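Q: Numbering (the numbering used here), first residue to last: 408 to 709.
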Amino acid sequence: MSTESKKKKNAKRKANSPLVGAHMSIAGGVSKSFARGEAASCRTMQIFTKNANQWKANPLVEEEVEAFRKERKRSGITPVVAHDSYLINIASPEGKKRGMSKRALLEEVERVEALGIEYLVMHPGAHMGAGEEEGIRTIIASLNEIHRKTEGYRMKILLETTAGQGTNLGYRFEQIEAMIDGVDDPDRLGVCMDTCHIFAAGYDLRTEEGYEKTIKELFARFGRKKILCVHVNDSLKPFESRVDRHAHIGEGEIGREGFRYLMQDPRFAKVPKILETPKGGKMEMDLINLGLLRRFATGKTG
Ligand code: MN
Ligand code: MN
Ligand code: ZN
Numbered sequence: 408m409s410t411e412s413k414k415k416k417n418a419k420r421k422a423n424s425p426l427v428g429a430h431m432s433i434a435g436g437v438s439k440s441f442a443r444g445e446a447a448s449c450r451t452m453q454i455f456t457k458n459a460n461q462w463k464a465n466p467l468v469e470e471e472v473e474a475f476r477k478e479r480k481r482s483g484i485t486p487v488v489a490h491d492s493y494l495i496n497i498a499s500p501e502g503k504k505r506g507m508s509k510r511a512l513l514e515e516v517e518r519v520e521a522l523g524i525e526y527l528v529m530h531p532g533a534h535m536g537a538g539e540e541e542g543i544r545t546i547i548a549s550l551n552e553i554h555r556k557t558e559g560y561r562m563k564i565l566l567e568t569t570a571g572q573g574t575n576l577g578y579r580f581e582q583i584e585a586m587i588d589g590v591d592d593p594d595r596l597g598v599c600m601d602t603c604h605i606f607a608a609g610y611d612l613r614t615e616e617g618y619e620k621t622i623k624e625l626f627a628r629f630g631r632k633k634i635l636c637v638h639v640n641d642s643l644k645p646f647e648s649r650v651d652r653h654a655h656i657g658e659g660e661i662g663r664e665g666f667r668y669l670m671q672d673p674r675f676a677k678v679p680k681i682l683e684t685p686k687g688g689k690m691e692m693d694l695i696n697l698g699l700l701r702r703f704a705t706g707k708t709g
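1. Using C-beta distances below 7 Å, list every residue in its chain close to residue 350, excluding the 5 sequence neighbours before and after it, in chain order.
2. How is the alpha helix (DSSP H) around residue 609 delimited, first residue to last?
3. Could you tell me which whole alpha helix (DSSP H) segments of length 4 or greater appear in the segment 444-525?
4. Quick one: using the 10 Å Cβ neighbour count with 16 as the cut-off for buried, is residue 463 buried or exposed?
5. Any heavy atom of ligand 2 inside 7 Å of the beta-carbon of residue 591?
6. May I ask you to report which of helix, strand or coil DSSP gives residue 428?
7. Should residue 357 and residue 606 be called a contact, given that it needs their Cβ atoms to be closer than 8 Å?
8. Going straight from the alpha carbon of residue 555 to that of residue 686, what length do you get?
9. Does the beta carbon of residue 655 fall short of 7 Å from some heavy atom of ligand 2?
10. Determine the closest residue to residue 487 out of 512, 600, 449, with distance taken between C-alpha atoms.
11. Verify the contact flag: residue 604, CB atom, against every heavy atom of ligand 3, threshold strictly below 7 Å.
12. For residue 537 and residue 510, I'd like the C-alpha separation in whole angstroms.
13. Report the residue from 466, 672, 684 whose alpha carbon sits nearest the alpha carbon of residue 426.
14. What does DSSP give as the partner residues of residue 567 in its beta bridges?
15. For residue 438, which three-state DSSP category applies?
16. What does DSSP give as the partner residues of residue 680 in its beta bridges?
17. Beta-carbon within less than 8 Å of residue 681's beta-carbon, same chain only, minus the 5 sequence neighbours each way: which residues are those?
18. Measuring straight from C-alpha to C-alpha, what distance separates residue 619 and residue 600?
19. Can you tell me whether residue 582 is buried or exposed? The criterion is at least 16 other CB atoms within 10 Å of its CB, across all chains shown.
20. Ligand 1 and residue 637: does the residue's C-beta get closer than 7 Å to at least one heavy atom of that ligand?
21. What are the residues that DSSP puts in a beta bridge with residue 527?
22. Measure the alpha-carbon distance for residue 506 versus residue 497 and round it to whole angstroms.
23. For residue 653 versus residue 616, is the C-beta spacing smaller than 8 Å?
24. Compare the Cα-Cα distances from residue 587 to each of 546, 504, 558 and report the closest residue.
25. So the alpha helix (DSSP H) residue 663 belongs to, where does it begin and stop?
26. Give the range of the alpha helix (DSSP H) segment to which residue 675 is assigned.
27. According to DSSP, simplified to helix, strand and coil, what is residue 648?
28. For residue 518, which option in 494, 492, 480, 467 has the closest C-alpha, if you only look at C-alpha atoms?
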């Protein structure tokens, strides 16, 4: 076979393989994430666009943006999903903390748009004692502010379902639904479903009936088009524990069956499915977990 037709065949195989990937490090610059994604067999991936544990970020320089776009094209890894910093809480009842959070989120939205990244996944926020309804109102107001300052942007913010640890909101689908319905421009928002989080929050995925009931409710609340990313994590902590600890695929409380349902569900075929599980020293656990997900998709593994 000629090199050209081999290339075509490989490209076709890649395009037909499940849309799975993992969170990748940006050490050395955002563009460096693609080579890591390739090494871990990612078709899609998630990154931070800055250090997730710091407020400050060095501004993106033109060369970095260009290198990012080039590497993305070369690797074929798409879509790329960004995740926001863990420090951000746009639900905070404290004006100072909320102000810092909105500024930091605005910066991240700008970075994501500059890089041509489709989605920025964020945790809706924690009400810190102000109460759930008040927290949701604050989130809506904060999102409206961000939207107003970034009019015309193509990127979308995806609100992530949470485990509901502490005062974190978004552990019920109806809370995220209220946020989306509450903003002035709901078309600019989508949803990221994290399997570990929803399971810990009390949405079952372990049996076919449980899985169907959960996904049916998800689609009934948001519509299929709004579910733009799935975080594929097993849960170290039990059902309804409201504690967020990720486990390797099939080794947690959800177990293999739940992930088999997900991987064989045609409704999620075009949705990026991204691991946030421990990677191991040389990303070997990403290779193992992604391999498992691909086998679940073919239905070949027992
Ligand atoms: Mn998250
Ligand atoms: Mn997640
Ligand atoms: Zn989590």
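From the three backbone atoms N, C-alpha and C, an ideal C-beta is built for every residue, glycine too.
From a predicted model like this one, the values you see are computed outputs, not experimental measurements.
A: Based on what the coordinates show:
1. Residue 350 is absent from the structure shown; the chain starts at 408 and stops at 709.
2. In this chain, residue 609 is not harboured by any alpha helix (DSSP H), its DSSP state being neither H nor E.
3. At a cut-off of 4 residues, the continuous stretches assigned as alpha helix (DSSP H) that sit fully inside the segment 444-525 are 469-482, 502-522.
4. So residue 463 ends up on the exposed side.
5. Checking every heavy atom of ligand 2 against the Cβ of residue 591, none is found closer than 7 Å.
6. In this structure, residue 428 counts as strand in the three-state DSSP scheme.
7. Outside the shown range of the chain (408 to 709) lies residue 357, about which nothing can therefore be said.
8. The alpha-carbon atoms of residue 555 and residue 686 are separated by roughly 38 Å.
9. The beta carbon of residue 655 sits no closer than 7 Å to any heavy atom of ligand 2.
10. Answer by Cα proximity: 449.
11. True, at least one ligand heavy atom lies under 7 Å from that Cβ.
12. Going by the C-alpha atoms only, they are around 21 Å apart.
13. The residue with the shortest Cα to Cα distance from residue 426 is 672.
14. In DSSP, residue 567 forms a bridge with 599.
15. Helix.
16. DSSP, once it has assigned bridges, lists 427, 637 as partnering residue 680.
17. Excluding residues within five positions, the ones whose Cβ falls inside 8 Å are 427, 428, 429, 430, 451, 452, 453, 488, 636, 637, 638, 639.
18. Answer to the nearest angstrom: the Cα atoms are 15 Å apart.
19. Answer is buried; the Cβ neighbour count reaches 16.
20. Because no heavy atom of ligand 1 lies under 7 Å away, the Cβ of residue 637 does not count as near it: no.
21. Paired residues: 489, 564.
22. Approximately 8 Å between the Cα atoms of the pair.
23. Between residue 653 and residue 616, the C-beta spacing is not below 8 Å.
24. Out of 546, 504, 558, the CA that lies nearest to the CA of residue 587 is found in 546.
25. Here the alpha helix (DSSP H) through residue 663 covers 663-670.
26. No alpha helix (DSSP H) holds residue 675; DSSP gives it neither H nor E.
27. For residue 648, the three-state secondary structure derived from DSSP is coil.
28. Nearest option by C-alpha distance: 467.
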